[in-house]
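Encoded as structure tokens, the structure appears first; notes follow it.
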Amino acid sequence: MSEELSVIMCARNEERHIAGAVKSLQLAAHPEWELIIVDDSSTDRTGAVIEQFRKKLPNIRTHRFDVNMGQGIARNFGLMLAKGEYLAFLDADDYVHADKLQTHVALARTKNVDILAGGHRRIYDVGEKSCPAPEGEYPGRVAAALYLAREFASWGSCFHLFKRGHILRNACFFTPHFYYEDVVFCVNAFYKASNVLSLKEGFYVYRCNNQSTTRINTNSQLHLLSSARLYFDIAQFINTVSNAGLYSAAFNKICEILVNEHFPKMLPVLKYGGNLRDPEFYNTFISYINCKKSLFSDSVLHVVSSQCTKNDDVLKQIERVSA
Numbered sequence: 002m003s004e005e006l007s008v009i010m011c012a013r014n015e016e017r018h019i020a021g022a023v024k025s026l027q028l029a030a031h032p033e034w035e036l037i038i039v040d041d042s043s044t045d046r047t048g049a050v051i052e053q054f055r056k057k058l059p060n061i062r063t064h065r066f067d068v069n070m071g072q073g074i075a076r077n078f079g080l081m082l083a084k085g086e087y088l089a090f091l092d093a094d095d096y097v098h099a100d101k102l103q104t105h106v107a108l109a110r111t112k113n114v115d116i117l118a119g120g121h122r123r124i125y126d127v128g129e130k131s132c133p134a135p136e137g138e139y140p141g142r143v144a145a146a147l148y149l150a151r152e153f154a155s156w157g158s159c160f161h162l163f164k165r166g167h168i169l170r171n172a173c174f175f176t177p178h179f180y181y182e183d184v185v186f187c188v189n190a191f192y193k194a195s196n197v198l199s200l201k202e203g204f205y206v207y208r209c210n211n212q213s214t215t216r217i218n219t220n221s222q223l224h225l226l227s228s229a230r231l232y233f234d235i236a237q238f239i240n241t242v243s244n245a246g247l248y249s250a251a252f253n254k255i256c257e258i259l260v261n262e263h264f265p266k267m268l269p270v271l272k273y274g275g276n277l278r279d280p281e282f283y284n285t286f287i288s289y290i291n292c293k294k295s296l297f298s299d300s301v302l303h304v305v306s307s308q309c310t311k312n313d314d315v316l317k318q319i320e321r322v323s324a
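Using my numbering, you'd call the opening residue of the sequence shown number 2 and step up by one each time.
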């Protein structure tokens with residue numbers, strides 16, 4: 002029997018949650034589905050839990066990285082192993098409603114769409130909420146603009162189904178070595194799609210885990226670089242498309258999110274007690290911004306300047322960026 006669906010799961014140190022994620026797929030009842038689990042060099046019992054499931058269920062395939070490669074590379078690896086007509090992505094600390102997923106897969110196949118988008122539910126420590134997607138069928142370029150403007154409630158990839166042939170034919174891959182690896186993958190997949198069907202409700206339940214590596218309140222050098230990378234990757238994409246005007250509202254939304262949310266929270270990693278925490282990293286970051294200066298708005302450059310330590314050498318570098 003050929004696979005209808007390949008579910009790609011990347012896991013690192015998820016011994017507490019991964020069993021729930023795997024069980025939610027009800028793989029025994031869906032032999033036409035396959036689950037590919039990439040263990041990204043976990044140091045806890047994640048590998049042992051994965052092995053227990055692999056022995057019980059023939060439609061689970063696994064791979065383990067000996068060193069931590071990051072979610073972008075892990076997802077790309079799983080994507081290349083996949084055999085299903087459609088692809089789905091499931092984080093190891095989340096879960097799905099298998100009956101709803103089955104309905105989405107059947108509809109995607111019947112309609113022969115490149116992407117079936119959907120809403121999702123978010124679970125918090127206290128309470129939960131529904132995050133609906135717009136209802137309708139869209140040309141790919143329109144869907145890409147809606148995606149960038151966060152009309153699909155999130156920039157995540159886990160809430161949608163992607164036709165594997167479409168993804169491979171258009172070389173849509175996740176950004177390696179950075180957080181927010183979904184965005185470039187999704188915007189390219191949406192933009193190059195012939196047709197995108199979107200449903201208000203979805204099959205996915207997203208657990209808002211404050212310990213997740215990609216939570217915005219986790220300040221790190223990599224988060225800061227990832228935010229900058231996200232900004233200019235999208236700016237670069239918009240600069241290359243033929244109908245850039247369609248994306249102006251979306252780009253303004255990205256600017257708003259990065260300027261008001263990401264950069265102010267992350268730039269303090271550059272300073273510590275009035276001194277640069279890591280001068281080498283600071284120099285790298287300023288160079289990183291400077292070499293892509295044409296893609297950054299004045300508001301982003303102002304935030305970078307205002308957040309950095311008032312040091313003569315630093316100010317000279319900032320002046321070169323802001324001039």
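All C-beta atoms, glycine included, are put in the ideal place defined by N, C-alpha and C. No experiment lies behind these values; they were computed from the predicted model shown.
If we call anything under 8 Å between Cβ atoms a contact, is residue i one with residue j?
i	j	result
aspartate 41	arginine 17	no
tyrosine 96	leucine 162	no
alanine 22	aspartate 115	no
histidine 167	glycine 73	no
phenylalanine 160	glycine 128	no
proline 133	lysine 201	yes
leucine 102	alanine 109	no
glutamate 182	glycine 85	no
phenylalanine 186	phenylalanine 175	yes
leucine 247	arginine 142	yes
leucine 58	alanine 83	no
serine 7	arginine 170	no
phenylalanine 204	histidine 105	yes
isoleucine 235	valine 184	yes
By alpha-carbon positions, which one of the options ends up nearest to residue i?
i	options	result
glutamate 15	Ile9, Leu6, Asp45 and Leu26	Asp45
histidine 98	Arg165, Lys193, Tyr207 and Lys84	Tyr207
asparagine 261	Asp234, Ser228, Phe233 and Leu223	Ser228
glutamate 152	Ile9, Asn240, Ser199 and Met81	Ser199
leucine 36	Ala49, Cys11 and Thr47	Cys11
isoleucine 9	Lys101, Ala49, Ala30 and Phe78	Phe78
tryptophan 156	Leu225, Asn189 and Val50	Asn189
isoleucine 124	Ala172, Asp94, Val242 and Ala30	Asp94
tyrosine 232	Ile255, Gly203, Leu247 and Val242	Ile255
serine 158	Gly137, Val197, Asn244 and Phe90	Phe90
phenylalanine 54	Val106, Gln27 and Thr241	Gln27
lysine 130	Ala20, Lys164 and Arg122	Arg122
alanine 172	Phe204, Asp234, Leu80 and Ile258	Leu80
valine 197	Ala30, Lys112, Glu138 and Asp100	Glu138
alanine 49	His31, Asn69 and Ile19	Ile19
glycine 71	Tyr180, Lys112 and Val242	Tyr180
serine 25	Asp67, Glu52, Asp92 and Val68	Asp92
alanine 107	Val242, Leu225 and Glu33	Glu33
In the DSSP assignment, the alpha helix (DSSP H) including residue i goes from what residue to what residue?
i	result
arginine 110	99 to 112
alanine 89	Element bounds for alanine 89: not the alpha helix (DSSP H) but the beta strand (DSSP E), 87 to 90.
tryptophan 201	A small correction: the amino acid at residue 201 is lysine; tryptophan does not occupy that position in the sequence shown. Here lysine 201 belongs to no alpha helix (DSSP H); instead the beta strand (DSSP E) covers 197 to 208.
alanine 250	249 to 258
phenylalanine 191	183 to 193
threonine 47	47 to 57
phenylalanine 78	72 to 82
serine 25	19 to 25
Can you check DSSP and say which residues form a bridge with residue i?
i	result
methionine 10	Ile38
glutamate 138	Leu198
histidine 161	Bridge partners of histidine 161: none, in fact.
tyrosine 96	Val206
phenylalanine 66	Asp41
State the start and end residues of the unbroken beta strand (DSSP E) segment that holds residue i.
i	result
cysteine 132	129 to 132
leucine 1	Here the chain covers residues 2 to 324 and nothing more, so residue 1 does not appear.
alanine 118	116 to 124
At a cut-off of 7 Å, would you count residue i as near the ligand NAD, judging by its Cβ distance to the nearest heavy atom?
i	result
methionine 70	This structure lacks the ligand NAD; in fact it carries no ligand of any kind.
**OP:** Would you check if there are 3 or more beta carbon pairs closer than 8 Å linking the segment 134 to 148 to the segment 244 to 254?
**Re:** yes
**OP:** Tell me, please, whether the segment 31 to 40 touches the segment 49 to 64 by the rule of three or more beta-carbon pairs shorter than 8 Å.
**Re:** yes
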